[in-house]
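To start, the structure under review is shown below, and the notes come after it.
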């Protein structure tokens, strides 16, 4: 294997988000040293005040676009990045803040803020890919740190990352977790949810919340039928699909079918 | 072969100790996460005493029995393939050395498993996987070593489950081949014992270490009655008459569209199926790029990656994926491996969240064909 010439310059950017995903990078603990030896952290305000100018070999973008200012800023970041990866449900689907997309945001502004005039926000919270070309999307709320390492390793070594887009059920079955929906009648989003967390919640005896968004081929209608059999009413189905990935298309469409306000 | 003998629950306990002393890891049914799963057993205390299960399409419920039966249930979410064909394993690793790299094969070592409580359908499932993994030109060495080392204590089913149809598939409920010992559990009003059939010399040798007595004709007859009764309790039936031709003739049947409306393409059916054997490989590097590994993981014909070729997926629709799975399982499996790929265990029915039932789907396709077929 050839030795690499120089370390790739990596930048981490934040948009509307809780910072949890970028913290996953700092959370890499033992692996963090190895990561810092292989990449140059050129822009990561959460970790260091030392900021290097672009262009950057790799940008990791966290958060959704919610303001006119951010809608412009993301284009500047794209211009200064050779490769751009969005990380987390906010950046890939609009995040939990995309719940505003189902209402009129002005109704919230007048209730929440003492001086609504100061607020300059967009009607919708949207994923980064609605605004610019994204080279790769890493799902999760938050992202899985091992998957983040895998994506960074793959980028550095010029290969495709292993982040399968199949259902979470496959992860349950591989680890031997008993299906909570079949054996206990618990509501679970696993069959329509993208793998990546290692089926964490079912291994703690809870249904999947769908943090990793829709899997590659969702049949949300069939899952809703099943959830109704388990006792869920339309309101509950709306809440189930309107989580961290509420605005991801298959989840959005399914929740709208059950939303009384649309009927 | 040797005549059947009788052991009591304490004898079964001695059998577990004997096998453990012989270096086997005894694995079998135990209660975990509201289900009966297959895990390591230390003694009969780990067995699901007094438990049973109720099963139907998309539903499994663990229930209490009124007696102290140790095997009073049918098959659960796990199958023995998790031991013989592990869900995830490293195939090899490699390290870079200068401008070259060196591949390190995995050591071929495996615990010696003693499988306790293997049902007739599961013995057949293992025989089917043998054809795939070891009885052909290409041998899977990990499966082979695990398979050849394994000791089989089978159990004849004392009851059938709501999704069982082994009678239709000729795979049960009586264990016929491949076992070292086969138990039939008898719960009389005043006596709890097992009629033990011996299937191999090592089974007989093992039994020598266990308190036992010759079975009386009456006891053997009682064991036969148990299996007979179970045969009559099947929760499902599947008419397998010309099933290969039926499926090959109906590749464009509207029923496939109907199934696709319900199918979640979650892959649960393939994961719980004791004969489904597909796997994928993932190549990974560490962040330094000097160390690489190849991992094998259970895969499913329900994922998009499964048929991904240059330019896209061959089977992009759920309809085509379900049709592929069922047609392979019941029809083309016969062409490929000389038997059906289905043993009638019912797991794909029970563990399918929207309760898709292959016996019902086949029956729908068959009925419509009967209605439309022209007189010959």
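Protein chains in written order, with the numbering used here: chain A, 1 to 263; chain B, 1 to 376. All C-beta atoms, glycine included, are put in the ideal place defined by N, C-alpha and C.
Anything in chain B within Cβ reach of residue i, meaning under 8 Å, just list it in chain order.
i	result
residue 7(A)	Ordered by position in chain B, no residue passes the 8 Å Cβ test against residue 7(A), which lies about 11 Å from the chain.
residue 149(A)	287
residue 31(A)	287
residue 74(A)	Residues of chain B passing the Cβ test: none, with the nearest at roughly 27 Å.
For residue i and chain A, any beta-carbon pair shorter than 8 Å?
i	result
residue 60(B)	yes
residue 103(B)	no
residue 376(B)	Note that residue 376(B) has pLDDT 48, beneath the 50 cutoff, so the model's placement of it is unreliable and the number below is only indicative. No, its Cβ sits nowhere closer than 8 Å to a Cβ of chain A.
residue 13(B)	no
residue 192(B)	no
residue 353(B)	yes
residue 92(B)	no
List, in chain order, every chain A residue whose beta-carbon is nearer than 9 Å to that of residue i.
i	result
residue 235(B)	Those do not exist, as residue 235(B) stays about 16 Å from chain A at its closest Cβ, beyond 9 Å.
residue 261(B)	219, 221, 222
Verify the CB distance criterion: does residue i have a CB-CB separation below 8 Å to chain B?
i	result
residue 191(A)	yes
residue 206(A)	no
residue 141(A)	no
residue 1(A)	Low confidence applies here, because residue 1(A) scores a pLDDT of 43, under 50, leaving its location unreliable and the question unanswered by this model.
residue 159(A)	yes
residue 22(A)	no
residue 225(A)	yes
residue 194(A)	no
residue 162(A)	yes
residue 81(A)	no
residue 258(A)	no
residue 269(A)	Summary: the structure shown does not reach residue 269(A), with chain A confined to residues 1 through 263, and so no result is reported for it.
residue 152(A)	yes
Looking at the ligand FAD, does it come within less than 7 Å of residue i, judged from the CB to the closest heavy atom?
i	result
residue 318(B)	The ligand FAD is not part of this structure, which contains no ligands at all.
Quick one: give me the first and last residue of the beta strand (DSSP E) that residue i is part of.
i	result
residue 64(B)	59–64
residue 229(A)	Unbroken run through residue 229(A) is the alpha helix (DSSP H), 220–229; no beta strand (DSSP E).
residue 293(B)	291–298
residue 279(B)	279–285
residue 55(B)	51–56
residue 154(B)	151–155
residue 13(A)	9–14
residue 36(B)	35–40
residue 446(B)	Given a span of 1 to 376 for chain B in the structure shown, any question on residue 446(B) remains unanswerable.
residue 89(B)	88–97
Let's see if you can read the secondary structure: which residues bound the alpha helix (DSSP H) around residue i?
i	result
residue 105(B)	Note, residue 105(B): premise wrong, no alpha helix (DSSP H); beta strand (DSSP E) at 100–105.
residue 249(A)	249–258
residue 325(B)	318–327
residue 196(B)	Where residue 196(B) is concerned, there is no enclosing alpha helix (DSSP H), although the beta strand (DSSP E) it sits in stretches over 192–198.
residue 256(B)	255–262
residue 248(B)	243–248
residue 36(A)	30–38
residue 388(B)	In this structure chain B extends from 1 to 376, so residue 388(B) is not present and cannot be described.
residue 68(A)	68–79
residue 20(B)	9–21
Could you tell me which chain A residues have their CB closer than 8 Å to the CB of residue i, listed as they occur along the chain?
i	result
residue 310(B)	By Cβ distance, chain A contributes nothing, its closest Cβ being about 14 Å from residue 310(B), past 8 Å.
residue 282(B)	162
residue 298(B)	170, 173, 174
residue 384(B)	Given a span of 1 to 376 for chain B in the structure shown, any question on residue 384(B) remains unanswerable.
residue 267(B)	166, 167, 169, 170, 173
What residues of chain B sit near residue i, judged by a beta carbon separation below 9 Å?
i	result
residue 178(A)	32, 33, 34, 35, 37, 60, 76, 77, 78
residue 35(A)	287
residue 165(A)	303, 304, 305
residue 156(A)	285, 287, 288, 289
residue 38(A)	287, 288, 289
So residue i contacts chain A; which residues on that side make the cut at Cβ distance below 7 Å?
i	result
residue 350(B)	182
residue 88(B)	174
What does residue i reach in chain B if we use C-beta pairs closer than 7 Å?
i	result
residue 87(A)	Simply none; closest approach about 17 Å.
*Answer yes if the region 1–13 of chain B comes into contact with the region 144–159 of chain A, meaning at least three C-beta pairs across the two stretches below 8 Å, and no otherwise.*
Between the region 144–159 of chain A and the region 1–13 of chain B, the count of C-beta pairs closer than 8 Å stays below three; the two stretches do not touch.
*Taking the runs of the alpha helix (DSSP H) that are 4 residues or longer, which of them lie wholly in the region 81–143 of chain A?*
Correct list: 89–93, 105–112.
*When the Cβ atoms of the region 187–200 of chain A are set against those of the region 333–342 of chain B, are three or more pairs found closer than 8 Å?*
Contact fails between the region 187–200 of chain A and the region 333–342 of chain B, because fewer than three Cβ pairs, one in each stretch, are under 8 Å apart.
*When the Cβ atoms of the region 149–162 of chain A are set against those of the region 96–109 of chain A, are three or more pairs found closer than 8 Å?*
No, because fewer than three Cβ pairs between the region 149–162 of chain A and the region 96–109 of chain A fall closer than 8 Å, the two stretches do not touch.
*Hey, is the region 201–213 of chain A in contact with the region 57–64 of chain A, meaning 3+ C-beta pairs nearer than 8 Å?*
As far as the Cβ criterion goes, the region 201–213 of chain A does not touch the region 57–64 of chain A, which means the pair count is below three.
*Can we say the region 105–116 of chain B touches the region 144–156 of chain B, given the rule of at least three CB pairs closer than 8 Å?*
By the Cβ test, the region 105–116 of chain B is in contact with the region 144–156 of chain B, since at least three Cβ pairs between them sit closer than 8 Å.
*With a floor of 4 residues, list each alpha helix (DSSP H) that falls wholly inside the region 124–152 of chain B, ordered by position along the chain.*
Taking only runs of at least 4 residues, the alpha helix (DSSP H) segments lying wholly in the region 124–152 of chain B are 141–149.
*Would you call the region 84–94 of chain A and the region 60–76 of chain A in contact, with 3 or more CB pairs under 8 Å?*
A contact exists between the region 84–94 of chain A and the region 60–76 of chain A.
_Whole runs of the beta strand (DSSP E) within the region 172–216 of chain A, excluding any shorter than 3 residues_ = The qualifying runs do not exist here; there are none.
*Between the region 41–48 of chain B and the region 12–23 of chain B, are three or more C-beta pairs nearer than 8 Å?*
These segments touch.
_I want to know whether the region 246–263 of chain B touches the region 347–360 of chain B - three or more CB-CB distances under 8 Å._
With the rule of 3 Cβ pairs closer than 8 Å, the region 246–263 of chain B counts as touching the region 347–360 of chain B.
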